[in-house]
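Here's the structure we're looking at; comments come further down.
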Amino acid sequence: MHRFLLGLIQLNSGTDVDLNLQKCENFIREAASEGAKLVGLPENFPFLGSEKEKLERSEEIKTKTLTLLSDISKKLNITILAGGFPNPAPNGKVFNTSIIFGPDGKEKFEYHKIHLFDTDPGDGIEYRESRTVESGQVVPETYKSPELGNISSVICYDLRFPELFREIMKKDAEMIFVPSAFTKITGQAHWEVLLRARAIENQCFIFAPAQTGIHLKGRETYGHSLVVDPWGNILADAGEGEKLLLTEIDLEEVQAVRKRIPALKHRRNI
Numbered sequence: 003m004h005r006f007l008l009g010l011i012q013l014n015s016g017t018d019v020d021l022n023l024q025k026c027e028n029f030i031r032e033a034a035s036e037g038a039k040l041v042g043l044p045e046n047f048p049f050l051g052s053e054k055e056k057l058e059r060s061e062e063i064k065t066k067t068l069t070l071l072s073d074i075s076k077k078l079n080i081t082i083l084a085g086g087f088p089n090p091a092p093n094g095k096v097f098n099t100s101i102i103f104g105p106d107g108k109e110k111f112e113y114h115k116i117h118l119f120d121t122d123p124g125d126g127i128e129y130r131e132s133r134t135v136e137s138g139q140v141v142p143e144t145y146k147s148p149e150l151g152n153i154s155s156v157i158c159y160d161l162r163f164p165e166l167f168r169e170i171m172k173k174d175a176e177m178i179f180v181p182s183a184f185t186k187i188t189g190q191a192h193w194e195v196l197l198r199a200r201a202i203e204n205q206c207f208i209f210a211p212a213q214t215g216i217h218l219k220g221r222e223t224y225g226h227s228l229v230v231d232p233w234g235n236i237l238a239d240a241g242e243g244e245k246l247l248l249t250e251i252d253l254e255e256v257q258a259v260r261k262r263i264p265a266l267k268h269r270r271n272i
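Here the sequence shown is numbered in our numbering, starting from 3 and rising by one per residue.
Quick look at the structure:
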């Protein structure tokens with residue numbers, strides 16, 4: 003399929019897992035009713051709260067999330083990128099995991115976030131993701147969807163590490179999801195330019211579903227879910243607030259751009 007409709011879901015997730023997942027289901031059903039074949043959810047879509055509660059409820063969050071998305075992807079015959087949720091790790095922490103569900107309801111892709119957000123960005127909040135999250139160690143694979151094309155995903159802070167995207171390109175990706183919960187302060191400064199840079203460098207589509215608004219203890223996320231084409235053009239911007247962002251994707255643009263400027267073939271090991 004060279005053309006298809008993409009749906010990115012922008013959320014203001016909180017601590018009520020059932021409410022968060024109900025909002026996800028409502029948006030997914032809306033996307034499917036509009037004809038979308040691929041839908042992306044942001045990082046922390048089923049839960050965004052305290053680190054302590056995240057650890058305590060990780061098994062519940064994972065079970066409810068996987069059950070819902072497996073069921074609804076099959077019922078609606080739609081592919082879903084589950085953008086980032088706590089997945090219990092053997093050492094007592096959790097992985098920050100993204101999964102792709104195919105239209106048959108089965109898991110096609112799994113990735114554990116590699117780069118963890120341990121920063122002090124200037125918004126008065128100390129972020130130490132590594133206190134509760136175990137870093138993944140494996141470069142994301144590419145799900146080669148017969149219906150849609152070659153899809154991969156990173157998660158949020160991974161966006162700042164272009165070498166990870168280069169490794170993904172060795173696996174023939176045409177579309178890369180960047181599900182995120184970017185802080186407002188970093189989003190205003192860096193979000194758009196980083197997403198456009200990754201699209202231009204790798205001559206692929208970038209799909210970035212995002213969290214938006216105020217969360218627990220005053221944490222504020224930037225919103226502005228973006229769809230960027232392989233030339234670096236912004237095809238759609240969700241702005242602020244919860245919403246479904248629908249965008250027509252023409253996958254032939256990937257090969258057209260790579261033919262115009264065959265930069266990926268010109269790479270040299272330096």
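Glycine included, every Cβ here is placed at the ideal spot set by N, Cα and C.
Predicted model, so just to flag it, every value in this text is computed and none were measured.
Spatial neighbours of residue i in its chain, beta-carbon cut-off 6 Å, leaving aside the 5 residues before and after
i: Trp233; result: Val259
i: Lys146; result: Asn152
i: Glu32; result: Leu246
i: Glu169; result: Val141
i: Ile82; result: Val41, Leu71, Ser75, Phe103
i: Asn1; result: No answer is possible for residue 1: it lies beyond the span of the chain, which begins at 3 and ends at 272.
i: Phe163; result: His117
N-terminal and C-terminal residue of the alpha helix (DSSP H) that residue i is part of
i: Pro164; result: 164-171
i: Val259; result: 254-262
i: Thr134; result: First-last for Thr134: undefined, no H or E at that position.
i: Glu109; result: Per DSSP, Glu109 belongs to no alpha helix (DSSP H); it is in the beta strand (DSSP E), 109-114.
i: Lys219; result: Neither: Lys219 is in no alpha helix (DSSP H) and is coded neither H nor E.
i: Leu2; result: Given that the chain is displayed from residue 3 to residue 272, the structure contains no residue 2 and the question cannot be resolved.
The beta strand (DSSP E) enclosing residue i, as first and last residue numbers
i: Phe29; result: Here Phe29 belongs to no beta strand (DSSP E); instead the alpha helix (DSSP H) covers 19-35.
i: Asn204; result: Looking at the DSSP string, Asn204 is not in any beta strand (DSSP E); the run it does join, the alpha helix (DSSP H), is 194-204.
i: Val229; result: 228-230
i: Arg270; result: Here Arg270 belongs to no beta strand (DSSP E), and DSSP marks it neither H nor E.
i: Asp239; result: 236-239
i: Gln12; result: 5-12
i: Lys146; result: 145-147
i: Phe184; result: Here Phe184 belongs to no beta strand (DSSP E), and DSSP marks it neither H nor E.
i: Pro90; result: 81-90
i: Leu40; result: 40-42
i: Gly151; result: 151-155
i: Phe209; result: 207-210
i: Ser100; result: 96-103
Distance CB(residue i)-CB(residue j) smaller than 8 Å
i: Ile11; j: Leu43; result: yes
i: Ser72; j: Phe111; result: no
i: Leu166; j: Asp160; result: yes
i: Asp125; j: Lys186; result: yes
i: Ile101; j: Ala84; result: yes
i: Gly9; j: Leu248; result: yes
i: Asp239; j: Ala201; result: no
i: Glu45; j: Ile157; result: yes
Backbone CA spacing between residue i and residue j [nearest angstrom]
i: Lys115; j: Phe184; result: 15 Å
i: Thr17; j: Phe49; result: 5 Å
i: Thr223; j: Pro148; result: 35 Å
i: Thr214; j: Gly243; result: 6 Å
i: Phe87; j: Cys26; result: 13 Å
i: Ser35; j: Phe47; result: 21 Å
i: Phe97; j: Ala91; result: 6 Å
i: Asn89; j: Thr99; result: 6 Å
i: Val199; j: Tyr113; result: According to the sequence displayed, residue 199 carries Ala and not Val. Roughly 22 Å between the two C-alpha positions.
i: Phe119; j: Gln139; result: 15 Å
i: Leu228; j: Gly37; result: 19 Å
i: Asn22; j: Arg130; result: 24 Å
i: Ser155; j: Phe179; result: 4 Å
i: Leu196; j: Ala210; result: 11 Å
i: Ile263; j: His4; result: 21 Å
i: Leu237; j: His117; result: 27 Å
i: His217; j: Asp20; result: 16 Å
i: His285; j: Gly107; result: Examination of residue 285 is not possible in this model, given that the chain is present from 3 through 272 alone.
i: Asn14; j: Gly220; result: 13 Å
i: Leu68; j: Ile272; result: 42 Å
i: Glu261; j: Glu109; result: It is worth fixing the name first, because residue 261 is Lys in this sequence and not Glu. Approximately 33 Å between the Cα atoms of the pair.
i: Lys267; j: Thr188; result: 33 Å
Nonlocal neighbours in the same chain, by C-beta distance under 7 Å from residue i, ignoring five residues either side
i: Phe29; result: Ile11, Leu246
i: Gln190; result: Tyr224
i: Asn79; result: Pro105
i: Glu53; result: Arg133, Thr134
i: Glu55; result: Thr17
Contact set for residue i: own chain, Cβ-Cβ below 8 Å, skip 5 residues either direction
i: Asn93; result: Glu136
i: Glu176; result: Gly151, Asn152, Ile153, Cys206, Phe207, Leu253, Val256
i: Gly241; result: Gly225, His226
i: Glu61; result: Pro90
i: Lys66; result: Val19, Asp20, Leu23, Pro48
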